[in-house]
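S.K.: Before we start, here is the structure in question, set down as structure tokens.
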Amino acid sequence: MLEMESDTFDELDLKLLSALEIDGRASFRRIAAVLGVSDQTIARRYRRLCAQGGLRVVAVRDAARLGQDQWMLRLRCAPDGAAVIADALAKRPDTQWIGLASGGTEILCLTRPRSPSDHDDLLLGKLPRTPSVVEIRALQLLHRFHGGPDGWLRKFRALTDEQIAALRPTPAGTPAAPLRLEPEDAPLLAALERDGRATYPELERLTGRSESAVKRRLSALIASGAVYIDVEYHTEILGYSAAAILWITTTPGALHTVGQTLAGHDQVAFASATAGPSHIVVTAVVRDTADLYAYLSGPLGALDGVQHVEATPFLRRVKQLTYRAGR
Numbered sequence: 008m009l010e011m012e013s014d015t016f017d018e019l020d021l022k023l024l025s026a027l028e029i030d031g032r033a034s035f036r037r038i039a040a041v042l043g044v045s046d047q048t049i050a051r052r053y054r055r056l057c058a059q060g061g062l063r064v065v066a067v068r069d070a071a072r073l074g075q076d077q078w079m080l081r082l083r084c085a086p087d088g089a090a091v092i093a094d095a096l097a098k099r100p101d102t103q104w105i106g107l108a109s110g111g112t113e114i115l116c117l118t119r120p121r122s123p124s125d126h127d128d129l130l131l132g133k134l135p136r137t138p139s140v141v142e143i144r145a146l147q148l149l150h151r152f153h154g155g156p157d158g159w160l161r162k163f164r165a166l167t168d169e170q171i172a173a174l175r176p177t178p179a180g181t182p183a184a185p186l187r188l189e190p191e192d193a194p195l196l197a198a199l200e201r202d203g204r205a206t207y208p209e210l211e212r213l214t215g216r217s218e219s220a221v222k223r224r225l226s227a228l229i230a231s232g233a234v235y236i237d238v239e240y241h242t243e244i245l246g247y248s249a250a251a252i253l254w255i256t257t258t259p260g261a262l263h264t265v266g267q268t269l270a271g272h273d274q275v276a277f278a279s280a281t282a283g284p285s286h287i288v289v290t291a292v293v294r295d296t297a298d299l300y301a302y303l304s305g306p307l308g309a310l311d312g313v314q315h316v317e318a319t320p321f322l323r324r325v326k327q328l329t330y331r332a333g334r
């Protein structure tokens, strides 16, 4: 079980973050009742986490559930061009996460093309014509082992099973298959990608649809898995100031077993099978470089079926879920 170490934030902050990971739209009153504190305390802690901890609650389209392709790009760049290219990529709606690594000479970018033309425009058009881009590697994500709606915070086990059950949204009749996103969903999703806790009156104003229609549609999208409400925050506030992408090669027969085992490791915030030279890509979150070494040489290094691991430590985040870091 992960343990929180912070001079500024405490266990109640961790419990609040964990509650929002379960239901990002839960009211302060409901969270307060489950955690046994006042509404005012939860509201005050939430505002502080937003101001000092980088907390954002946003809606995310689940590409895996929607049957959309996802790609992890590794762009090796000239040192003086990486930051500019990363910032340009961050402005694109089809990029979801961007980080600088390898001393600032490599860009790691998760893309979510919404159409084949988006993919071709980026990989066959713009990037190859960018002078500062020295090498492009594109790895298609094939199967998610951990991440997406399954958040990293649950690995702290800050909440009891009873608290989790009390916070979990009431199912609204889960459809047999994920819903398709319709063109009229665009204003609703755009509003929630900016603020996943936008009120129903605000969503009514921003979408031009009645409050009851907005409630029904959002409930259906979430119940289907097409959309989920996620939380983003600075892991440093919990005492975890280092992160790395791990490119893992396995024996073919061990791919699924290794992926499932990695999903249970406390250090793993995201894990997916990929097409490409490596078989699994992992985002590992750790306290420091010594902690990263301990993970590589310990739990990961001892895992049967792992043949090779390449670790790429992050330098800084450029884009997080649906917005640019620091904006």
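Sequential numbering from 8 applies to the sequence shown in this note's numbering. Each residue gets a CB set at the ideal place from its N, CA and C atoms; glycine is no exception.
1. Please report how far the alpha carbon of L149 lies from the alpha carbon of K22, in whole angstroms.
2. With DSSP as the reference, label P176 as helix, strand or coil.
3. With a threshold of 8 angstroms, are at least 3 pairs of Cβ atoms found where one atom belongs to the segment 261-272 and the other to the segment 302-313?
4. Where do the N-terminal and C-terminal ends of the beta strand (DSSP E) with L278 fall, by residue?
5. Roughly how many angstroms lie between the CA atoms of R136 and R294, to the nearest whole one?
6. With 16 other CB atoms within 10 Å as the buried threshold, where does A280 fall?
7. So which of L188, H153 and A249 has the shortest CA-CA distance to L225?
8. Return the chain-ordered list of same chain residues with a C-beta closer than 8 angstroms to the C-beta of L56, the five sequence neighbours on each side being excluded.
9. By the 10 Å Cβ neighbour count, where 16 or more other Cβ atoms means buried, how is T167 classified, buried or exposed?
10. According to DSSP, W104 sits in a beta bridge with which residue or residues?
11. Apply the 10 Å Cβ neighbour rule to K326 and answer buried if 16 or more other Cβ atoms are within range, or exposed otherwise.
12. Below 8 angstroms CB to CB, which residues in the same chain sit around L160 once its five sequence neighbours on both sides are set aside?
13. Would the beta-carbon of Y207 fall within 8 angstroms of that of K222?
14. Cβ of V292 within 8 angstroms of Cβ of I252?
15. If you check the beta carbons only, do A97 and L196 fall under 8 angstroms apart?
16. List the DSSP bridge partners of T257.
17. Check whether the Cβ atoms of L80 and I38 lie closer than 8 angstroms to each other.
18. Can you tell me where the alpha helix (DSSP H) with Y235 in it begins and where it stops?
19. Could I get the ranges of all uninterrupted alpha helix (DSSP H) runs contained in the segment 26-106, with 4 residues as the minimum, in chain order?
20. With DSSP as the reference, label Q147 as helix, strand or coil.
21. Take G83 and list the residues in its own chain whose beta-carbon comes closer than 7 angstroms to its own, dropping the five residues that flank it on each side.
22. Out of curiosity, what's the CA-to-CA distance linking D101 and T296?
23. For V64, count neighbouring Cβ atoms within 10 angstroms of its own Cβ and tell me buried if that reaches 16, exposed if not.
24. Can you find the residues in the same chain that come closer than 8 angstroms, C-beta to C-beta, to R334, ignoring five residues on each side of it along the sequence?
25. Between which two residues does the beta strand (DSSP E) holding A291 run?
26. Let's see if you can read the secondary structure: which residues bound the alpha helix (DSSP H) around Y247?
27. For I229, I'd like the list of residues in its chain whose CB is within less than 8 angstroms of its CB, leaving aside the five on either flank, ordered along the chain.
M.R.: Well, looking at it:
1. The sequence position of residue 149 within the sequence shown is 142, counting from 1. The sequence position of residue 22 within the sequence shown is 15, counting from 1. So the two alpha carbons sit approximately 33 angstroms from each other.
2. Stepping through the sequence shown from its first residue, residue 176 is reached at position 169. Three-state DSSP puts P176 in coil, outside helix and strand.
3. Yes, the segment 261-272 is in contact with the segment 302-313.
4. Translated into positions along the sequence shown, residue 278 becomes position 271. For clarity, residue 278 is Ala in the given sequence; the question names Leu instead. Here the beta strand (DSSP E) through A278 covers V275 to A282.
5. Here residue 136 refers to the residue found at position 129 of the sequence shown. Here residue 294 refers to the residue found at position 287 of the sequence shown. Going from the Cα of R136 to the Cα of R294 covers about 38 angstroms.
6. Position 273 of the sequence shown, counted from the first residue, corresponds to residue 280. By the C-beta density criterion, A280 is buried, having at least 16 other C-beta atoms within 10 angstroms.
7. Walking along the sequence shown from the start, residue 225 turns up at place 218. Its Cα nearest to that of L225, the residue L188 stands out among L188, H153 and A249.
8. Translated into positions along the sequence shown, residue 56 becomes position 49. Answer for L56: F16, D20, L23, L24, L62, Y240 and I244, listed in chain order.
9. Start at 1 with the first residue of the sequence shown, and residue 167 comes out as number 160. It counts as exposed.
10. The residue given as residue 104 occupies position 97 in the sequence shown. DSSP output for W104 lists L117 as bridge partner(s).
11. Against the sequence shown, residue 326 aligns to sequence position 319. Classification of K326: buried, given that the 10 Å Cβ count is 16 or more.
12. In the sequence shown, the residue the question calls residue 160 occupies position 153. Taken in chain order, the residues that qualify are L21, L24, S25, E28 and V238.
13. The sequence position of residue 207 within the sequence shown is 200, counting from 1. The sequence position of residue 222 within the sequence shown is 215, counting from 1. K222 is positioned such that its CB atom lies closer than 8 angstroms to that of Y207.
14. Counting from one through the sequence shown, the residue named residue 292 turns up at place 285. Counting from one through the sequence shown, the residue named residue 252 turns up at place 245. Not closer than 8 angstroms, so no.
15. Taking the first residue of the sequence shown as 1, we reach residue 97 at position 90. Taking the first residue of the sequence shown as 1, we reach residue 196 at position 189. Contact flag unset, no.
16. Translated into the one-based positions of the sequence shown, residue 257 becomes position 250. For T257, which the question treats as bridged, DSSP gives the partners V313.
17. The residue you call residue 80 lines up with position 73 of the sequence shown. The residue you call residue 38 lines up with position 31 of the sequence shown. For L80 and I38, no; Cβs fall outside 8 angstroms.
18. On the sequence shown, residue 235 is found 228 positions in, with the first residue counted as 1. Where Y235 is concerned, there is no enclosing alpha helix (DSSP H), although the beta strand (DSSP E) it sits in stretches over V234 to E239.
19. Those alpha helix (DSSP H) runs which fall completely within the segment 26-106 and span 4+ residues are 35-42, 46-60, 70-73 and 89-97.
20. Mapped onto the sequence shown, residue 147 falls at position 140. Q147: strand per DSSP, three-state reduction.
21. To locate residue 83, count along the sequence shown from 1; it is residue 76. A small fix is needed here, since residue 83 is Arg in this sequence, not Gly. The residues are T112, E113, V141 and E142.
22. Within the sequence shown, numbered from 1, the residue matching residue 101 stands at position 94. Within the sequence shown, numbered from 1, the residue matching residue 296 stands at position 289. D101 and T296: Cα-Cα distance of roughly 32 angstroms.
23. One-based indexing of the sequence shown puts residue 64 at position 57. Buried is the call here.
24. On the sequence shown, position 327 is the one that residue 334 refers to. Note that R334 has pLDDT 47, beneath the 50 cutoff, so the model's placement of it is unreliable and no number is given.
25. Locating residue 291 in the sequence shown gives position 284, counting from the first residue. From DSSP, the beta strand (DSSP E) with A291 extends over I287 to V293.
26. Residue numbering aside, residue 247 sits at position 240 when the sequence shown is read from its first letter. No alpha helix (DSSP H) contains Y247, which DSSP labels as neither H nor E.
27. The sequence position of residue 229 within the sequence shown is 222, counting from 1. P176, A179, Y235 and I236.
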